[in-house]
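**Q**
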Amino acid sequence: MNLVFDGHNDVLLRLWRSRKDGADPVKEFAQGTTAGHIDGPRAKRGGLAGGLCAVYIPSPHDFVLKEPDADGHYLTPLDPPLERSPSLDIALEMIAIARQLDRAGAWTLCRSTAEIRKVMADGGFAAVLHMEGCEAIDANLDALEVFYAAGLRSLGPVWSRHNIFGHGVPFAFPSSPDTGPGLTDLGRELVRRCNKLGILIDLAHITEQGFWDVAKLSDQPLIASHSNVHAMTPVARNLTDKQLDAIRESRGLVGLNYAVTMLRPDGGDNADTPISLMVRHIDHLVERMGIDCVALGSDFDGATIPAAIADASGNHRLVEALGAAGYSAGDLDKICRENWLRVLASAWHE
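So the sequence shown is residues 1322 to 1671, counted in the working numbering.
1) Our contact map puts tyrosine 1579 next to alanine 1624 with C-beta atoms below 8 Å; I'd like the distance itself, whole angstroms only.
2) Roughly how far, in whole angstroms, is the beta-carbon of alanine 1447 from the beta-carbon of cysteine 1431, given that I think they are within contact range, below 8 Å?
3) Are the CB atoms of serine 1619 and aspartate 1360 nearer to each other than 8 Å?
4) Determine whether the Cβ of valine 1467 lies closer than 8 Å to any Cβ atom of chain B.
5) Counting pairs of Cβ atoms below 8 Å between the stretch 1484 to 1494 and the stretch 1554 to 1569, do you hit three or more?
6) By Cβ distance below 7 Å, which residues in the same chain neighbour leucine 1422 in space, the five residues on each side in sequence not counted?
7) Out of Trp1669, His1670 and Gly1635, state which residue places its alpha-carbon closest to the alpha-carbon of valine 1325.
8) Would you kindly work out how many angstroms separate the C-alpha atoms of histidine 1602 and aspartate 1593, rounded to a whole number?
9) Would you tell me roughly how many angstroms separate the C-alpha atoms of proline 1381 and arginine 1482, rounded to the nearest one?
10) Note down, in chain order, each residue of its chain lying with its Cβ closer than 7 Å to the Cβ of glycine 1426, except the 5 sequence neighbours on either side.
11) When you compare each of Ala1470, Arg1474 and Ala1442 to histidine 1451 by their alpha carbons, which one comes out closest?
12) Taking 8 Å as the threshold, find out whether the stretch 1455 to 1473 comes into contact with the stretch 1435 to 1445 through three or more Cβ pairs.
13) Could you name the residues of the same chain whose beta carbon sits closer than 6 Å to that of glycine 1501, not counting the 5 residues immediately before and after it, in chain order?
14) Does the pairing of the stretch 1393 to 1405 with the stretch 1364 to 1374 give three or more beta-carbon distances under 8 Å?
15) Specify, as a first and last residue, the run of the alpha helix (DSSP H) that aspartate 1410 falls within.
16) In its own chain, which residues sit with a C-beta less than 6 Å from the C-beta of methionine 1415, not counting the 5 before and 5 after it?
17) Going by beta carbon distance, what residues of the same chain come within less than 7 Å of leucine 1653, once the five residues before and after it are set aside?
18) Can you list, in chain order, the residues of its chain whose CB lies under 8 Å from that of histidine 1605, leaving out five sequence neighbours each side?
19) Where does alanine 1435 land, buried or exposed, given buried means 16+ other C-beta within 10 angstroms?
20) Report all residues from its chain with a CB closer than 7 Å to the CB of serine 1539; omit the five preceding and five following residues, and keep chain order.
21) Suppose contacts are defined by Cβ-Cβ distances below 8 Å. Is arginine 1335 in contact with glycine 1371 by that definition?
22) Helix, strand or coil for arginine 1338? Go by DSSP, reduced to three states.
23) Which residue comes first and which comes last in the beta strand (DSSP E) that contains methionine 1452?
24) Run through the DSSP bridge pairs and tell me what threonine 1429 is partnered with.
25) Starting from threonine 1397, follow its DSSP beta bridges and name the residues at the other end.
26) Compute the distance between the beta-carbons of methionine 1599 and leucine 1577, then report whether it is under 8 Å.
27) To which residues of the same chain is arginine 1585 closer than 8 Å at the C-beta, ignoring the five residues directly before and after it?
28) Could you tell me whether the Cβ atoms of isoleucine 1520 and glycine 1454 are closer together than 8 Å?
29) With phenylalanine 1621 as the anchor, note down where its alpha helix (DSSP H) starts and where it stops.
30) DSSP three-state call for alanine 1435: helix, strand or coil?
31) Between which two residues does the beta strand (DSSP E) carrying arginine 1482 extend?
32) Rounding to the nearest angstrom, what Cα-Cα distance links arginine 1424 and aspartate 1342 in this structure?
33) Please classify alanine 1412 as buried or exposed, where buried requires at least 16 other C-beta atoms within 10 Å of its C-beta.
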């Protein structure tokens, strides 16, 4: 079974919510659960050996996609910006859970690709702290320094809402990703500081203008950790061929998002979505960018995924489908983990 390092999951959000309901997040991850998509036992069964684990601050209300109209079109309004103080509290609570999992041996928090490789080789789960939307970070970036010391090695300046650093894209179909402004002046300073510290910058939720702002400023490979092909599924969150070309030129990567709304030609939130559509998006990404720029970014615990995958235990089914579609063993090594490890090493100044 190919070991997979995955570019995006929201397991910390699920564990944070479980703890609020009185559950033990360490026990839930280590011993397994029927909730959500990822825990230690299911990850091991599916070959999921690590990934970027998001610290994501949820909106005060439950996020729900707007119901499509008679033509299947929808435009979900952007959530309003969040206040920093409660966002900081939630981020600290999630990072505390991540560190408790590390201390208990349920996973290992990694800060280098050498650590990731060792944990994966030893049969563990190699977790890397990622921040999805920087509402917990102050304008002076003092908190960024503290988060870095705690193990943060990847961030997306925005989720699909605006903050002091930039503008996010809505969940909309059909829609261009060019939905508004990009980075603010504070966002540009955030990019510069991430470049200096060695924190990966993720472009998965930012507007197209924000994408080009980062491309002009950053010295890292361009990364969209969990996005798909706009030419196949024209949702605002997916990437145009022009963006894919820029990622190729920077030797960056795109991680395939398993979210069905970003895979299906109709943009529908329907779990009855065949794995063949996932393969077709991979095919387009490889044809446009080359095998070295394509990886996986599941969005486990953050989206509706194909029923044929179901959860982390079914992750191997996608890898098997790619093999059946003609991808070689070397190709699968790159898609499953080596491309991620290459770009992480570059962003982390290794």
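All residues carry an ideal CB built from backbone N, CA and C; glycine is no exception. Please read these numbers as outputs of a predicted model, since none were measured by experiment.
**A** Let me lay it out:
1) With a Cβ gap of about 7 Å, tyrosine 1579 and alanine 1624 count as contacting.
2) Confirmed, Cβ separation roughly 5 Å.
3) Contact annotation: serine 1619 and aspartate 1360 have beta-carbon atoms that are not nearer than 8 Å.
4) The chain inventory of the structure shown lacks chain B, comprising one protein chain alone.
5) Yes: at least three Cβ pairs fall under 8 Å.
6) Around leucine 1422: Val1347, Phe1350 and Trp1428.
7) Ranking Trp1669, His1670 and Gly1635 by CA distance to the CA of valine 1325 puts Gly1635 first.
8) Cα to Cα, histidine 1602 sits roughly 17 Å from aspartate 1593.
9) When rounded, the distance between both Cα atoms is 13 Å.
10) Listed in chain order, the non-local C-beta contacts of glycine 1426 below 7 Å within the same chain number zero, local neighbours out to five positions each way being set aside.
11) Checked all of Ala1470, Arg1474 and Ala1442; the closest Cα to histidine 1451 is Arg1474.
12) Touching, no, given that fewer than three Cβ pairs across the two stretches are closer than 8 Å.
13) Excluding sequence neighbours, glycine 1501 sits near His1488 and Thr1528.
14) Flag = no, the stretch 1393 to 1405 and the stretch 1364 to 1374 do not touch.
15) Counting along the chain, the alpha helix (DSSP H) containing aspartate 1410 begins and ends at 1405 to 1425.
16) Annotation for methionine 1415: Leu1333, Trp1337 and Val1376 place their beta carbon closer than 6 Å to its own, counting only its chain and skipping 5 residues before and after.
17) Excluding sequence neighbours, leucine 1653 sits near Asn1323, Val1640, Leu1643 and Gly1644.
18) The beta carbon of histidine 1605 lies closer than 8 Å to those of Val1550, Ala1552 and Met1553 in the same chain, with the five residues before and after it left out.
19) Exposed, by the Cβ-count rule.
20) The beta carbon of serine 1539 sits closer than 7 Å to the beta carbons of Val1512, Asn1516 and Ile1522 from its chain, once the five residues preceding and following it are set aside; these are given in chain order.
21) Cβ distance not < 8 Å, so arginine 1335 and glycine 1371 don't count as in contact.
22) If DSSP states are grouped into helix, strand and coil, arginine 1338 belongs with the helices.
23) Taken as a continuous stretch (DSSP letters only), the beta strand (DSSP E) holding methionine 1452 covers 1447 to 1453.
24) Note: threonine 1429 sits in a beta bridge opposite Ala1447.
25) For threonine 1397, the beta-bridge partners assigned by DSSP are Phe1492.
26) Leucine 1577 sits close to methionine 1599, with the two beta carbons spaced by under 8 Å.
27) Excluding sequence positions up to five before and after arginine 1585, its CB lies within less than 8 Å of the CB of Thr1554, Asn1591, Thr1594 and Leu1598, all in the same chain and listed in chain order.
28) Cβ distance not < 8 Å, so isoleucine 1520 and glycine 1454 don't count as in contact.
29) Where phenylalanine 1621 is concerned, there is no enclosing alpha helix (DSSP H), given that its DSSP letter is neither H nor E.
30) DSSP places alanine 1435 within a helical segment (H, G or I) once states are collapsed to three.
31) For arginine 1482, there is no enclosing beta strand (DSSP E), since its DSSP letter is neither H nor E.
32) Roughly 22 Å between the two C-alpha positions.
33) With at least 16 other beta carbons inside 10 angstroms of its own, alanine 1412 counts as buried.
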